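Residue numbers (my numbering): 441 to 784.
Shown next, in the form of structure tokens:
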């Protein structure tokens, strides 16, 4: 999706719990093997003992509205995304977030449950709403996840991913001459739908959540998938789709891969081995900018990696005015995404 300069990110932020769990404690206690240090590559992750996921989304939403100096009455759509349980069954967390933020009756609360690419999909829904409706001036995106044991063991559910609790939010608007946090020039996706089986395996469809399970684990589904397909098709598909999304995003942003204004590439908050499988070949053959990894003190934030990475680019002042960042995203299914943003 080519965006030009008509839409801006007025503000983007994270809300993270102050309570943490450390990788060192997990290894020292024997709950994780020593090799997990290299596979996960985190120091600690935020853990919410209090706010539920939608409550964290509200906190992030309030923070971004304040940063943007935005009247909630101007929000035309709220796109809220998540990976894991939002605190109630058969319930709309998006409507809860909208209510707590005092968004008007004209706002459309929309839930996006698309696993780890959900935040990027929510960004897309918000952007396309602004493009399609000339009367809409602002859109709000939120994500929130809380990974609670024993059902979701944040340290052991996947050997290459450690999950952190937290929320993100972004305020998008029709550019009005004011100062934005970032200009979003392009947002692209590339998908290999048959890879959904990597998280499904050979198990039959169930009739209720957690049927026959006490906790969630990806090990069996991954083993069944690889027994049928091997590992190379997944790596090859990922490389091709990452390359497609990346090249399309650069082209739509009007950039050549070697443009010196591309300051950095920001990776999803996944472990280095998994990132290497999916991204190394495509990035090595395309971009020369340095790749930045921001997982160290958050781990993987579920649906929130894309917005959290955008927030860190802004808050840590990683770009000078006029410079670009290429922000990468991915989610099970599988979908890979690329956002090209510019500092102003």
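Quick reminder that beta carbons are idealized off the backbone N, C-alpha and C, glycines included.
Since we're looking at a predicted model, the values are computed, not measured.
Counting the other Cβ atoms within 10 Å of the Cβ of residue 655 gives fewer than 16, which makes it exposed. Residue pairing for residue 503: DSSP places it in no beta bridge. Residue 510 has its alpha-carbon roughly 22 angstroms from the corresponding atom of residue 560. Burial state of residue 633 is exposed, judged by a 10 Å Cβ sphere holding fewer than 16 other Cβ atoms.
In the three-state reduction of the DSSP assignment, residue 556 falls in the helix class.
Per DSSP, reduced to three states, the secondary structure at residue 583 is strand. Residue 504 and residue 610 do touch by the CB rule: their CB atoms are close to 6 angstroms apart, below 8 angstroms.
Residue 565 has its alpha-carbon roughly 17 angstroms from the corresponding atom of residue 745.
Per DSSP, reduced to three states, the secondary structure at residue 598 is strand. Rounded to whole angstroms, the gap between the alpha carbons of residue 605 and residue 558 is 15 angstroms. Looking at the backbone, the Cα of residue 616 and that of residue 450 are separated by about 10 angstroms. In the three-state reduction of the DSSP assignment, residue 521 falls in the strand class. Between residue 706 and residue 732, the C-beta spacing is below 7 angstroms. Residue pairing from DSSP places residue 603 in a beta bridge opposite 740.
Distance check between residue 631 and each of 443, 771, 473, 540 places 771 closest, using alpha-carbon atoms only.
Rounded to whole angstroms, the gap between the alpha carbons of residue 676 and residue 669 is 12 angstroms. If you draw a straight line from the Cα of residue 773 to the Cα of residue 636, it comes to about 4 angstroms. If only uninterrupted beta strand (DSSP E) runs of at least 3 residues are considered, those enclosed by the segment 609–636 are 622–631. Take residue 646, set aside five residues on each side of it, and the residues of its chain with a beta-carbon closer than 8 angstroms to its own are 652, in chain order.
Excluding the 5 residues flanking it on each side, residue 544 has same chain C-beta neighbours closer than 8 angstroms at 512, 513, 515, in chain order.
Between residue 747 and residue 729, the C-beta gap is not smaller than 7 angstroms, which leaves the two residues out of contact.
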